[in-house]
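Numbered by the working numbering, the letters in the sequence shown go through residues -16 to 100 in order.
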Amino acid sequence: MRIGHRQKTHFKGNTMSQTAAIVTFKAQPGKGNEVARLVAAALPHAKTEQPLLVWLILQSETDPDTVYIVDVFTDAAGRDAHYKDAAAAQIMATVPPYLASPLDISPLKLVVAKGVA
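Below is the structure:
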């Protein structure tokens, strides 16, 4: 996303049926920026996934070797399909050599949301 460009995300219907996930990547010491870059490189694939409403890549300010993906999906089936799509395949093909430990995926149920700008 370009700086200064705002993209609105709309949550339709009952957010209780929407699902989410947080994926945590613990990079080898000093490799956090590389992990963040490689994960972010999957954005073109993520943009094509219809069930994927929000896709955020975050890097910890207190531990730059920890990178997160925050996903919000239309439903659990969309979340499950996401892990078989091109974005996940690209990440799994490029990121693991830079990790200190296996990535952690926490599936979540979305309770309430305010739009992401």
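Quick reminder that beta carbons are idealized off the backbone N, C-alpha and C, glycines included.
These figures come from a predicted structure and were not determined experimentally.
### Message
Helix, strand or coil, according to DSSP, for Ala72 in the structure here?
### Response
Numbered from 1 along the sequence shown, position 89 holds the residue referred to as residue 72. Ala72: helix per DSSP, three-state reduction.
### Query
Identify the residues that DSSP records as bridge partners of Thr2: which are they?
Here residue 2 refers to the residue found at position 19 when the sequence shown is read from its first residue. Beta-bridge partners assigned by DSSP to Thr2: Phe56 and Lys92.
### Query
Does the Cβ-Cβ distance between Arg62 and Pro90 come in under 8 Å?
Position 79 of the sequence shown, counting from 1, holds the residue named residue 62. Position 107 of the sequence shown, counting from 1, holds the residue named residue 90. Going by C-beta atoms, Arg62 is nearer than 8 Å to Pro90.
### Message
With distance defined between alpha-carbon atoms, name the residue in Ala24, Ala19 and Gln1 nearest to Leu82.
### Response
In the sequence shown, residue 82 corresponds to position 99, counting from 1. That would be Ala19, whose Cα lies nearest to the Cα of Leu82.
### Query
DSSP beta-bridge partners for Gln42?
Here the question's residue 42 lines up with position 59 in the sequence shown. For Gln42, which the question treats as bridged, DSSP gives the partners Val50.
#### Entry: His28 versus Thr77: straight-line alpha-carbon distance, rounded
As a working mapping, residue 28 is identified with position 45 in the sequence shown. As a working mapping, residue 77 is identified with position 94 in the sequence shown. As the crow flies, the alpha-carbon of His28 is around 14 Å from that of Thr77.
### Task
Since I believe Thr57 is in contact with Gln11 (beta carbons under 8 Å), could you give me their beta-carbon distance rounded to a whole number of angstroms?
If you number the sequence shown from 1, residue 11 lands on position 28. If you number the sequence shown from 1, residue 57 lands on position 74. A Cβ-Cβ distance of about 35 Å is found for the pair Gln11 and Thr57, leaving them out of contact under the 8 Å criterion.
### Query
Just the Cα atoms here: how many angstroms apart are Ala3 and Ala70?
Mapped onto the sequence shown, residue 3 falls at position 20. Mapped onto the sequence shown, residue 70 falls at position 87. Note on geometry: alpha-carbon atoms of Ala3 and Ala70 lie some 16 Å from one another.
### Ala10 in three-state terms, based on DSSP
Translated into positions along the sequence shown, residue 10 becomes position 27. It is a strand residue.
### Query
Where does Asp46 land, buried or exposed, given buried means 16+ other C-beta within 10 angstroms?
As a position in the sequence shown, residue 46 is number 63, starting the count at 1. Asp46 comes out exposed.
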